[in-house]
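S.K.: The following block contains the structure, expressed as structure tokens.
Protein chains: 2
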Amino acid sequence: MVRLRVRQLDLEAGGKFIVVLNRDDAEELGVSGLSRVKVSKDSKDVIAIVNLATESIPRGHIGVYNEVKSYLGLRDLEEVNVEAISFPTSVYHIRSKLSGKRLTYEEIYEVVKDVVSGRLSEVEIAAFIVALHAFGLDLDEAASLSLAMVETGSKLELKKPLIVDKHSIGGVPGDKTTLLVVPIIAASGLTIPKSSSRAITSAAGTADRAETLMPVNLRLSEVREVVEKTNGCIVWGGALDLAPADDIFIRVENPLSIDPLLLPSIMSKKKAVGANLLVIDIPTGRGTKVKTIGEADMLAKDFIELGRRLGIEVRCAVTYGEQPVGYTVGPALEAWEALNTLMGKSRPYDLIDKAAHIAGILLEMSGKARGGNGREIALKILESGKAEEKLREIIGAQGGNTKITPEDIPLGHERYTVYSKRRGVILWIDNSIVVEAARLAGAPRDKGAGILLHKKIGDKVSEGEPLATIYAERASRLEKPAKILEETLAIGVGDRMEMLIHEIKGRPVTKKTFVLER
Amino acid sequence: MVRLRVRQLDLEAGGKFIVVLNRDDAEELGVSGLSRVKVSKDSKDVIAIVNLATESIPRGHIGVYNEVKSYLGLRDLEEVNVEAISFPTSVYHIRSKLSGKRLTYEEIYEVVKDVVSGRLSEVEIAAFIVALHAFGLDLDEAASLSLAMVETGSKLELKKPLIVDKHSIGGVPGDKTTLLVVPIIAASGLTIPKSSSRAITSAAGTADRAETLMPVNLRLSEVREVVEKTNGCIVWGGALDLAPADDIFIRVENPLSIDPLLLPSIMSKKKAVGANLLVIDIPTGRGTKVKTIGEADMLAKDFIELGRRLGIEVRCAVTYGEQPVGYTVGPALEAWEALNTLMGKSRPYDLIDKAAHIAGILLEMSGKARGGNGREIALKILESGKAEEKLREIIGAQGGNTKITPEDIPLGHERYTVYSKRRGVILWIDNSIVVEAARLAGAPRDKGAGILLHKKIGDKVSEGEPLATIYAERASRLEKPAKILEETLAIGVGDRMEMLIHEIKGRPVTKKTFVLER
């Protein structure tokens, strides 16, 4: 170990921890370029990748990238301890998995711990993920991974005997169900500490939607206060340090479009907030992630069994996902629709039906509803205005404006409407094209961007009637989504289904366009 | 595209290409930290990872790490072109392989091209390698990979109709066979442009051994000259840019201890030097990489079939590998033994037998020997002194001292001898412990370090007779290897084999200790 003096470098590496050592100091420590060292100050430490310098960093000094500086709270010229780290034995466990072996809890825990501490390289993490994808992981391994991810992160510790939660694996656009379910459940007296993700490949994540109504970027201690006060919350999970290994795994999985950790990922976050009862929503059908009811049932079985091993009672809701939920897609538009619905100003049938079913299952699981009338109780809470009242309480507790109206939510001012070229019935709405159009319009980054549908499947339409309106914050963002909505068969109008689905001329190019949400 | 002025940073990243952009320039280019950009000067370009700075790199400038500076030959303040690169479509092919699909030549070529140009991230390259490992690659894919690796690198173009080569997959210590085979074959009139690797997990690679006799770090044009003059060469392949993708793949494979590209890797290097006839040596048996003759035969079949697809006639030599070849392990010791053998000053039976067999197969394949007398012709060339003469010619052409004697080769001056504690017969010599001891003594970095064996399997030994001598360049490097040779059963002496191999008390820890050589 050596003590070195900090030199700030004003350099940033997209979140990676990098330090620069003088070549001679590095040799003395026995490290080379791309080795890793542990840098510590007081009781905090970080594992950083080593770069080398000959003159710009003199002996006895250590250049630090901004990420290291902020994480350790370093000032120029203060001293830190720097030591070489030993070869991580978890690499042997990764090699075991690469030869197709099952891993024990102890082995998985060691891998996850080294992922979180930064001891493993990106190559090693990628190898672990791909090995899990290729060789599969059984339910024991999935349970071990879930627990290891919980143990290596923070936990939300609430003084409540019963904690419920819901999660959707995503894949259906416009799904603002959580914005209704959380206030309904919290209003019923149950505790629901809901943390959500932001959009990765979709047009809006629940955190993006909620952020147009209230702050969602809370610290864990603030989340605890909000939930203890209101029974619920709708916050972004990214900053809470719940199962932080998962966030690292996701950064590797997304570019590869593989998702072997789906179940452990979801379940670890639920375990970390202390959930006892959980409903998993599995949107199913053409245009979603899970194409058939058979597949959905298999996935549900795994969720239920994994829950059993983790001490979480799970039920799954296999839901219809062949068109967007409600009429809006995009962060602000969806929050606007949800608020209108909670206030009784609009009644999108499918959104209300889905929220009432999911809230109803939680009410039945908890014993708040008996004899199968959970859905009715949920609807009653919604219609009575108690859910709206509860949402406003949560908004207030999270630091937002409790008096917010739908008109306060800023929707994109640049708009373009697509009209039907013929009369008939809406036969289909292509989820992936709707999402692509919303993203081309600026969602999720431009919160006011998105798509408002005027019709849903089964609705009658006349020639020249509006089908959909594109919302954007910048005029330059209208052309591309307008083109794809006009030129593709995003919204199919006809008298009846036609028989030819698709003609293949050359080598077909297929892309997987989404990742399952966690 | 923007033009930016170069600022040298005096920073090094272990071989990675990194540049630092001002945050505003980066935004203008539409890139963020960890994105990649193409930096070009005149007709050369490089793909580099982007780091960001706020003030230390002003707008209009680009900070360059040493690797980028040297590769492009940059000077301070000169201008370079910088542009964002598009999403590499080869990622879709990697995703195909991740879902278990077979890849076409065009798809594999695109992946390999993007690997060489630096367009793919380490995560993507690791995913490709692990997918090949987990899902396997068939012979069509192996042939495609071999050709794609040849096409994306340099080729040695010799004006010779027949080019022969040999390769060992390694795993047996002390294997200095190449140092005999190359001069025998070149002396016979055949052309053998031998490029070799350095040790990764072994105590010496052929390039390390040869380097104690002559320079081996030649450029491709110099290799051509040497071979055209002498019919042979023994050079390090690492700087020749033959199949450069392979060197990148190896950097990923080694830490993971997987080796899915073994066959394409070897065959691409042989194709790149234009080989028509090839012998692959597969050392087999306990303590080597290939444990059984059945396994060796399966591997041989794949080599032969892959060769057929690439236009290379392949024969395989399955050789005995249960103890070191000859009496020495370590770069200088092995070169010393080989030179002594070529000069007729010592006659290690197994080394001579192996070299004569392998050279003999090449002589028979080429038609230089007929009716199965290849081995005898090879022995005659060795015994006549023509092979020694040829080696000296090659040494001279590569820039070494043609008059070199074994005494000129510097062996470690620090020595420690291990003696037999009982009388009996040598029952086994544990390859992996011998390698570990040689490495602990300093090999391959300290060229004079290694192990000299005094006895081989089957030799009689009296109590107190020397078994092995450790050579080191530094006295501090003797203790550890002495300890393991004294305390383990590295060299087994007894009257007969004993029945208990190994007792397992707790959870056994198994490590794969080597990678196959290429």
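From first to last, the protein sequence lines stand for chains W and G. Those letters in the first sequence? Residues 4 to 521, by this note's numbering. Those letters in the second sequence? Residues 4 to 521, by this note's numbering. Cβ atoms here follow ideal geometry from the backbone N, Cα and C, with glycine treated the same way.
Relative to the C-alpha of G:ASN69, which residue among W:MET217, W:VAL67, W:GLU58 and W:THR408 is closest?
M.R.: Of W:MET217, W:VAL67, W:GLU58 and W:THR408, the residue nearest in Cα terms is W:GLU58.
S.K.: Quick check: the Cα distance between W:THR215 and W:TYR74, rounded to an integer number of angstroms?
M.R.: Cα to Cα, the separation comes out at about 29 angstroms.
S.K.: What residues of chain G sit near W:ALA485, judged by a beta carbon separation below 9 angstroms?
M.R.: The contacting residues do not exist; W:ALA485 stays about 23 angstroms from chain G at best.
S.K.: In its own chain, which residues sit with a C-beta less than 7 angstroms from the C-beta of G:ARG378, not counting the 5 before and 5 after it?
M.R.: For G:ARG378, where only same-chain residues beyond five positions count, the Cβ hits under 7 angstroms are ALA359, HIS360 and GLY363.
S.K.: Pull up the distance between the alpha-carbon of G:ALA242 and that of G:ILE384, whole angstroms please.
M.R.: Cα-Cα distance, rounded: 32 angstroms.
S.K.: What number of angstroms, rounded off, separates the C-alpha of G:LEU150 from the C-alpha of G:PRO247?
M.R.: Looking at the two C-alpha atoms, the distance is approximately 12 angstroms.
S.K.: List the residues of chain W that G:VAL133 touches, going by C-beta distances under 8 angstroms, in chain order.
M.R.: Ordered by position in chain W, the residues that pass the 8 angstroms Cβ test against G:VAL133 are LEU101, ALA129, ALA130, VAL133, ALA134 and ALA137.
S.K.: Pick from G:GLY399, G:VAL5, G:LEU456 and G:ILE237: whose alpha carbon is nearest that of G:GLY333?
M.R.: Among G:GLY399, G:VAL5, G:LEU456 and G:ILE237, the Cα nearest to that of G:GLY333 is on G:LEU456.
S.K.: Beta-carbon within less than 7 angstroms of W:SER271's beta-carbon, same chain only, minus the 5 sequence neighbours each way: which residues are those?
M.R.: Excluding sequence neighbours, W:SER271 sits near SER149, MET152, VAL153, ALA246 and ASP249.
S.K.: Ordered along the chain, which non-local residues of its own chain (more than five positions away) have a Cβ less than 7 angstroms from that of W:LYS389?
M.R.: Closer than 7 angstroms at Cβ, skipping near neighbours: ALA190.
S.K.: With a CB to CB cut of under 6 angstroms and the five nearest residues on each side skipped, what residues in its chain are close to W:GLY17?
M.R.: Cβ neighbours of W:GLY17 beyond the five flanking positions: none.
S.K.: At which residues does the beta strand (DSSP E) containing G:SER199 begin and terminate?
M.R.: First-last of the beta strand (DSSP E) with G:SER199: 195 to 199.
S.K.: By a C-beta neighbour count over all protein chains shown, 10 Å radius and 16 as the cutoff for buried, is G:HIS416 buried or exposed?
M.R.: With fewer than 16 other Cβ atoms within 10 Å, it is exposed.
S.K.: Let me know if G:GLU490 comes out buried or exposed under the rule of 16 or more other beta-carbons within 10 Å of its beta-carbon.
M.R.: Burial call: exposed.
S.K.: Would you mind sorting W:LYS104 into buried or exposed? The rule is 16 or more other CB atoms within 10 Å of its CB.
M.R.: Counting Cβ neighbours within 10 Å, W:LYS104 comes out exposed, since fewer than 16 surround it.
S.K.: Return no unless some Cβ of chain W is closer than 8 angstroms to the Cβ of G:SER171.
M.R.: No, G:SER171 lies away from the interface with chain W (no Cβ there is under 8 angstroms from its Cβ).
S.K.: If you drop the 5 nearest sequence neighbours on each side, which residues of the same chain put their C-beta closer than 7 angstroms to that of W:LEU302?
M.R.: Excluding residues within five positions, the ones whose Cβ falls inside 7 angstroms are ILE285 and VAL293.
S.K.: Let me make sure I understand the geometry here. Which of W:SER268, W:GLU337, W:PRO409 and W:GLY288 has the alpha-carbon closest to that of W:GLY310?
M.R.: Looking at the Cα atoms, W:SER268 is the closest of the given residues.
S.K.: Between the segment 194 to 213 of chain W and the segment 223 to 237 of chain W, are three or more C-beta pairs nearer than 8 angstroms?
M.R.: They touch, by the three-pair rule.
S.K.: Ignore the nearest five residues each way along the sequence and tell me which others in W:ARG289's own chain have a CB closer than 6 angstroms to its CB.
M.R.: The answer, listed in chain order, is GLU325.
S.K.: Is it the case that the segment 121 to 139 of chain W contacts the segment 219 to 226 of chain W, given that we only count it when at least three CB pairs across the two stretches are under 8 angstroms?
M.R.: Counting Cβ pairs under 8 angstroms, fewer than three are found: no touch.
S.K.: When the Cα atoms are used, what is the spatial distance from W:GLU308 to W:LEU142?
M.R.: Spanning the two alpha carbons is a distance of roughly 8 angstroms.
S.K.: Kindly give me the distance between the Cβ atoms of G:ARG212 and G:LYS179, rounded to whole angstroms, as I take these residues to be in contact under 8 angstroms.
M.R.: With 8 angstroms as the limit, G:ARG212 and G:LYS179 qualify as a contact, their Cβ atoms being about 6 angstroms apart.
S.K.: When you compare each of W:LEU313, W:VAL167, W:GLY497 and W:ARG426 to W:LYS371 by their alpha carbons, which one comes out closest?
M.R.: Closest by alpha carbon: W:VAL167.
S.K.: What does G:THR194 reach in chain W if we use C-beta pairs closer than 7 angstroms?
M.R.: The premise fails here: G:THR194 is roughly 39 angstroms from chain W at the closest Cβ pair, so nothing lies under 7 angstroms.
S.K.: My guess is that G:VAL22 and G:ASP79 are in contact by the Cβ rule of under 8 angstroms, so how many angstroms apart are they, rounded?
M.R.: That pair is no contact at about 14 angstroms.
S.K.: I want to know whether the segment 465 to 483 of chain G touches the segment 441 to 451 of chain G - three or more CB-CB distances under 8 angstroms.
M.R.: The segment 465 to 483 of chain G, when compared against the segment 441 to 451 of chain G, does touch it at the 8 angstroms Cβ threshold.
S.K.: Once DSSP output is grouped into helix, strand and coil, what is the label at W:THR516?
M.R.: Per-residue confidence for W:THR516 stands at a pLDDT of 45, beneath the threshold of 50, marking its modelled position as unreliable; no derived number is given.
S.K.: Does the segment 80 to 97 of chain G come close enough to the segment 115 to 130 of chain G to have 3 or more Cβ pairs within less than 8 angstroms?
M.R.: The segment 80 to 97 of chain G is in contact with the segment 115 to 130 of chain G.
S.K.: Which runs of the alpha helix (DSSP H) spanning at least 4 residues fall entirely within the segment 23 to 89 of chain G, listed in chain order?
M.R.: Qualifying alpha helix (DSSP H) stretches, in chain order: 26 to 32 and 69 to 75.
S.K.: Give me the Cα-Cα distance between W:VAL42 and G:LEU503, rounded to the nearest whole angstrom.
M.R.: Cα-Cα distance, rounded: 48 angstroms.
S.K.: At least one CB of chain G closer than 8 angstroms to the CB of W:ASP462: is that the case?
M.R.: Not one chain G Cβ lies under 8 angstroms of W:ASP462.
S.K.: Tell me the rounded alpha-carbon separation between W:ILE494 and G:ALA56.
M.R.: Their backbone Cα atoms lie some 46 angstroms apart in a straight line.
S.K.: Buried or exposed for G:GLY27, going by 16 or more other Cβ atoms inside 10 Å?
M.R.: For the sequence presented, residue 27 of chain G should be read as Asp rather than Gly. The residue is exposed, with fewer than 16 neighbouring Cβ atoms inside 10 Å.
S.K.: To the nearest angstrom, how far is the alpha carbon of W:LYS100 from that of W:LEU106?
M.R.: Roughly 7 angstroms between the two C-alpha positions.
S.K.: Tell whether a beta-carbon distance below 8 angstroms holds between W:ILE60 and W:ILE88.
M.R.: Against a cut-off of 8 angstroms, the Cβ pair of W:ILE88 and W:ILE60 comes out as no contact.
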